[in-house]
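Trainee: Mind looking over this structure? Questions follow.
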């Protein structure tokens with residue numbers, strides 16, 4: 009996932025931004041789920057937060073953010089994410 013994000017960053021300015029934003033959302037959502045499965049809650053939270061900056065109404069990102077925050081023991085943030 010991290011390499012895919014690096015490549016997306018390298019392509020900024022070469023391709024229409026909206027196209028890269030959509031790809032970034034997909035890659036970051038996948039990364040979030042992967043990190044959650046590995047119980048690596050901090051990077052999962054970070055990726056979910058970036059998705060929400062790009063797509064504030066993304067329900068999948070909100071749910072995964074809540075899972076990550078719960079895994080970190082931050083129950084208040086988990087509740088707010090939902």
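Numbering (this note's numbering), first residue to last: 9 to 90.
Think of the CB as a built atom: it goes at the ideal place given N, C-alpha and C, for glycine as much as any other residue.
1. Taking Cβ to Cβ, would you say residue 65 is nearer than 7 angstroms to residue 89?
2. Between the alpha carbons of residue 21 and residue 35, how many angstroms are there, rounded?
3. Any idea which residues DSSP pairs residue 20 with across the strands?
4. In chain order, what residues of the same chain lie with their CB nearer than 6 angstroms to the CB of residue 85, ignoring the 5 residues before and after it?
5. State the Cα-Cα distance for the pair residue 82 and residue 51, rounded to the nearest angstrom.
Mentor: By the coordinates alone:
1. Pairing residue 65 with residue 89 gives a Cβ-Cβ distance that is not under 7 angstroms.
2. One C-alpha to the other measures close to 19 angstroms.
3. Residue 20 pairs with 23.
4. Only 77 meet the Cβ criterion.
5. Note on geometry: alpha-carbon atoms of residue 82 and residue 51 lie some 14 angstroms from one another.
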